[in-house]
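Residue numbers (this note's numbering), protein chains in the order written: chain A, 1450 to 1812; chain B, 2 to 259. Don't be surprised by glycine CBs; every beta carbon is placed ideally from N, CA and C.
Below is the structure:
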């Protein structure tokens, strides 16, 4: 049966047309942009590894890195600093930025809202509550202290997502109901954290505040492996669903008409993004800004196609966080400012610049 | 050959009944107009036929219960053209039409997908707009892009929700001519919710007239559209003129005492 208007042999005989080559050109352009960002990120990572208070020169760091890559770990001071202290921190920053930016992008897409992010939907504040709870009541567990903070932050993040889901399910899993539920969850957990702080000791309060600043100083190779493992599994899946998220961003009915089950896609993506977010912020504390702003920066540069928006905003998130991490370590000598503070300081001018410059409608 | 059928379908929205117990069959190659007042349930019925809303009762596609077909396969058979799109996501016309290939795409876009999109865009005269943003172009072009997207799905059935709403006269006729051409030449079946009875009379092969949640008339436009029926359904006095063989419904006034 002649389906629709076209027969395949007809089309294939027409050869490469202007439109096809324009499409391929556009694709090549975006892929080279991705490669360019990859190079920028790589350079920043290299710079970041050489910075620190251990008094190593750039050359020494480079030599140590190359030696390490070749597998000759001899346990020198340089290796202890570069591999034991710096490299996992630097990579953790990049992966966190990547993951948080992708989560923000997916959330803004599935919820069709430019303000959606792990931070605005209460996922971060629930993690902060979980961490606070562990900080205040967990010290009696002694060594378990830090693990308890991590586990609790993770558990509460997942609980919050379920809370959002259950509330939304009651009213229909629409974008609007999920956003409202998310904002309710955010206020609820913020209030509960404040409530805890009200009764907590000054020492505990300080620790809670420090946790909510977001920091890369608590990373380790094990933690990096966890985050990397989760990203390796989830990001390809999200990339695979990028067409469906594209369809969802035009409305549920359009998505359904194109064969996408809107509610299911929204729930699955929401769950996955919250697992990614949870796995990152349970180790770092609250780094809220990247997930909101990296997708916007990317959208202003390349437009709204999720196929490219996801990887590019991930890279931009990684670049922002790595850059913020570098600044946080050099801006005041011998002092490390929390990276959560620095991300806002470098992200906002960048965002503001694009916001003023880019005239075309981007959302 | 019956391609799409509704068996006693009803849809209730928050305890308000929108359509009740509607049954009919649509054969391959028909161009069906769903007519009725505002709020009569045209759009709801259309969405139920495409399983965008799930009604009570059964909708069958080629004799198979539509809810038992996977969404992707369904989208390969049925293309749905909404009245408008929400959100202001920056997307070029080309990318928007390319999304019609979504039911066929697993990982990446094949060269065949691009060829199909290109052919459809050429047919609808959209090539000059390929690079433009969906929100930069006129309402008429955007409507055509949405139709192009649905055709790129290579469906057997097109469901269209008021495809000519908000279009000027030229674009109304252009869109309707394109649709008629598709139905006639490409073995396509079209179901269209439509307000404009003159357009329905001129282009549709069959009209389902909906009133008070039910289909009250079903037949060819010339058989069923009469001044009396228009008065009954729309509470408007009108006469039907057929200058030069093209029928026109000329409304005169809202019926007194309606």
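Of the residues the options, the one placed nearest residue i, counting alpha carbons only
i, options, result
"residue 42 of chain B", "B/93, B/172 and B/19", "B/19"
"residue 35 of chain B", "B/194, B/175 and B/147", "B/194"
"residue 1754 of chain A", "B/134, B/246 and B/218", "B/134"
"residue 1660 of chain A", "A/1578, A/1606 and A/1689", "A/1578"
"residue 1596 of chain A", "A/1616, A/1626 and A/1672", "A/1672"
"residue 1605 of chain A", "A/1752, A/1745 and A/1727", "A/1727"
"residue 1500 of chain A", "A/1535, A/1619 and A/1487", "A/1535"
"residue 1554 of chain A", "A/1785, A/1684 and A/1786", "A/1684"
"residue 3 of chain B", "B/108, B/65, B/225 and B/112", "B/65"
"residue 127 of chain B", "B/137, B/112, B/114 and B/145", "B/145"
"residue 1690 of chain A", "A/1805, A/1551 and A/1792", "A/1551"
"residue 253 of chain B", "B/246, B/245, B/228 and B/247", "B/228"
"residue 212 of chain B", "B/86, B/21 and B/171", "B/21"
"residue 1 of chain B", "B/236, B/98, B/242 and B/97", "The shown model of chain B, from 2 to 259, leaves out residue 1 of chain B, and the question about it has no answer."
"residue 1805 of chain A", "A/1766, A/1750 and A/1777", "A/1750"
"residue 1515 of chain A", "A/1532, A/1503, A/1569 and A/1504", "A/1532"
"residue 189 of chain B", "B/165, B/154 and B/61", "B/154"
Residues near residue i by beta carbon distance below 7 Å, same chain, minus five either side
i, result
"residue 23 of chain B", "7, 10, 46, 215 and 216"
"residue 1665 of chain A", "1538, 1541, 1542, 1733, 1774 and 1788"
"residue 1696 of chain A", "1703, 1704, 1707 and 1709"
"residue 1712 of chain A", "1622"
"residue 1497 of chain A", "1539, 1771, 1774 and 1775"
"residue 97 of chain B", "135, 146 and 150"
Through-space distance from residue j to residue i, alpha-carbon basis
i, j, result
"residue 1768 of chain A", "residue 1546 of chain A", "7 Å"
"residue 1735 of chain A", "residue 1662 of chain A", "6 Å"
"residue 183 of chain B", "residue 210 of chain B", "24 Å"
"residue 1584 of chain A", "residue 1603 of chain A", "14 Å"
"residue 1519 of chain A", "residue 125 of chain B", "60 Å"
"residue 173 of chain B", "residue 1692 of chain A", "31 Å"
"residue 1756 of chain A", "residue 1630 of chain A", "28 Å"
"residue 251 of chain B", "residue 12 of chain B", "33 Å"
"residue 1715 of chain A", "residue 233 of chain B", "44 Å"
"residue 1457 of chain A", "residue 1507 of chain A", "At residue 1457 of chain A the pLDDT is 40, less than 50, meaning the model places this residue with poor confidence; the figure from the coordinates comes in the next sentence. About 59 Å."
"residue 1730 of chain A", "residue 1488 of chain A", "26 Å"
"residue 72 of chain B", "residue 102 of chain B", "14 Å"
"residue 150 of chain B", "residue 163 of chain B", "16 Å"
"residue 75 of chain B", "residue 105 of chain B", "11 Å"
"residue 1481 of chain A", "residue 1475 of chain A", "10 Å"
"residue 1652 of chain A", "residue 1798 of chain A", "34 Å"
"residue 1784 of chain A", "residue 1778 of chain A", "7 Å"
"residue 219 of chain B", "residue 208 of chain B", "6 Å"
"residue 1740 of chain A", "residue 202 of chain B", "53 Å"
"residue 54 of chain B", "residue 1668 of chain A", "49 Å"
"residue 1509 of chain A", "residue 114 of chain B", "53 Å"
"residue 1794 of chain A", "residue 1648 of chain A", "32 Å"
Residues near residue i by beta carbon distance below 6 Å, same chain, minus five either side
i, result
"residue 1818 of chain A", "Given a span of 1450 to 1812 for chain A in the structure shown, any question on residue 1818 of chain A remains unanswerable."
"residue 156 of chain B", "78, 79 and 80"
"residue 148 of chain B", "82"
"residue 1634 of chain A", "1571, 1609, 1612 and 1613"
"residue 1747 of chain A", "1758, 1761, 1762 and 1765"
With 16 other Cβ atoms within 10 Å as the buried cut-off, status of residue i
i, result
"residue 1718 of chain A", "buried"
"residue 116 of chain B", "buried"
"residue 255 of chain B", "exposed"
"residue 1615 of chain A", "exposed"
"residue 186 of chain B", "exposed"
"residue 111 of chain B", "exposed"
"residue 143 of chain B", "buried"
"residue 1745 of chain A", "buried"
"residue 1523 of chain A", "exposed"
"residue 1582 of chain A", "buried"
"residue 1640 of chain A", "exposed"
"residue 222 of chain B", "buried"
"residue 1477 of chain A", "exposed"
"residue 49 of chain B", "buried"
"residue 1461 of chain A", "Low local confidence applies: a pLDDT of 44 at residue 1461 of chain A is under 50, so the model's placement there is unreliable, and no value is given."
Which residues DSSP lists as bridging residue i, in chain order
i, result
"residue 211 of chain B", "B/37 and B/216"
"residue 98 of chain B", "The partner list for residue 98 of chain B (beta bridge, DSSP) is empty, contrary to what the question assumes."
"residue 6 of chain B", "B/26 and B/61"
"residue 79 of chain B", "B/158"
"residue 32 of chain B", "B/191"
"residue 66 of chain B", "B/61"
"residue 242 of chain B", "B/249"
"residue 20 of chain B", "B/12"
8 Å Cβ shell around residue i - same chain, five flanking residues per side excluded
i, result
"residue 181 of chain B", "32 and 204"
"residue 239 of chain B", "228, 231, 232, 250, 251, 252 and 253"
"residue 179 of chain B", "124, 125, 145 and 148"
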